[in-house]
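Read the structure below first, then the notes.
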Amino acid sequence: MSHRWDVSPWPPSPQLSLALTVLIWTIPHCHPAHDEEKKIILDEHNKYRSQVSPPAKAMMKMTWDTDLEVDAQKQAEKCKWGQNGGPGRLNLFATASTLDVKLAIEEWNRERKFYNLTTSECVPVQSCDNYIQVVWAETTRIGCGSNYCEKIDGMERENMHHLLVCNYYRPEINEKKPYMEGPSCEMCPMDTVCVNNLCGDSEPSWTEVNCLKMRRIGQGPCTPLGSIFTPCGAGGCEGHEMSPGWEPQSGGWPRVT
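So the sequence shown is residues -32 to -1, 1 to 225, counted in mature numbering (1 follows the signal peptide of the UniProt record, and there is no 0).
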């Protein structure tokens, strides 16, 4: 197949320069969250969750979820200010300047001054929904996306172009309090450990990790009990085969094949 190449003078004519500028600015400005931004969003959520006052009996530690991220990104690219009509809830943040994800989470958390945990009520004409979702105890996963919008539909303020959308699982339920107050971690699920006032997945010991890597753990096929595994025998891991295709049920560990 032959190709025809047109050699044009450079710099281009003013008319061509204008056309190029218009083309560039009409292409959607999609900005999926970078790894650094993901870490900031996740760390800020867990920080504010660990600092709730009064403390929470069972505040779960949140982790990043790529499926929720994809859904949030799709919603951000719609450039709409509002909920998506699905079963979950979205937290939204818009700004005229460059998006600062740390500031966004901080703004959501500031709504706490309008919320009364005892009565589960928000000060009239104020918003508490974003704060409630940030500290919703049962939420374990989050995913976010962002986008540059020429105009955000439903947004009353003008010149707000940068939109951040965060999606959560499990989402808040209006009829309930965001968390049960009491001594921190008093009611953490059995397969979790308390770290910084949050209930998170228990970390495997060095022996457990190496046994998994060697496909040897416990006395015979491994039987998980939550996050507790039968240790290798006194003579080491030799001879203790793990069941083929077995995968830890507590989450967070790579599948061993």
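By construction, the Cβ of each residue, glycine as well, lies at the ideal position given by its N, Cα and C atoms.
Coil, strand or helix - residue i by DSSP
i     : result
S18   : helix
W76   : helix
N115  : strand
H2    : coil
E149  : strand
V91   : coil
A40   : helix
T198  : Reliability fails at T198, whose pLDDT of 35 lies under 50, so the model's placement of it is uncertain and no value is given.
L71   : helix
G213  : For G213, the predicted model reports a pLDDT of 37, less than 50, meaning its position is unreliable; a value from the coordinates is still stated below. Coil, per DSSP.
W(-8) : Because W(-8) sits at a pLDDT of 30, beneath the cut-off of 50, its placement in the model cannot be relied upon, and the point is left open.
L166  : strand
K81   : helix
V161  : strand
Whole-angstrom C-beta distance between residue j and residue i, which should lie under 8 Å
i    : j    : result
D39  : N135 : 5 Å
C112 : L132 : 6 Å
E12  : K81  : Contact flag wrong, Cβ pair sits at about 17 Å.
L36  : W49  : The pair is not a contact, with the Cβ atoms about 19 Å apart (cut-off 8 Å).
P23  : N164 : The Cβ separation is near 12 Å, so there is no contact.
Candidates the options, of which the one nearest residue i by Cα
i    : options               : result
T34  : Y137, A26, S21        : Y137
N77  : S21, C153, P157, C156 : S21
D159 : Q19, A24, K29         : K29
K42  : T31, W32, V93, L58    : L58
Q94  : S88, T87, E79         : E79
Limits of the alpha helix (DSSP H) - the one that residue i falls within
i   : result
N98 : 97 to 102
Residue j beta carbon less than 9 Å from that of residue i
i    : j    : result
R125 : A44  : no
W104 : P146 : yes
K154 : K25  : Per the sequence shown, residue 154 should be read as Glu rather than Lys. The answer is yes: Cβ separation under 9 Å.
C47  : C162 : no
T108 : Q101 : no
H129 : A64  : yes
E149 : L85  : yes
Start-to-end residues for the beta strand (DSSP E) that takes in residue i
i    : result
V133 : 130 to 137
I63  : Note that residue 63 corresponds to Thr in the displayed sequence, not to Ile. T63 -> beta strand (DSSP E) spans 58 to 63.
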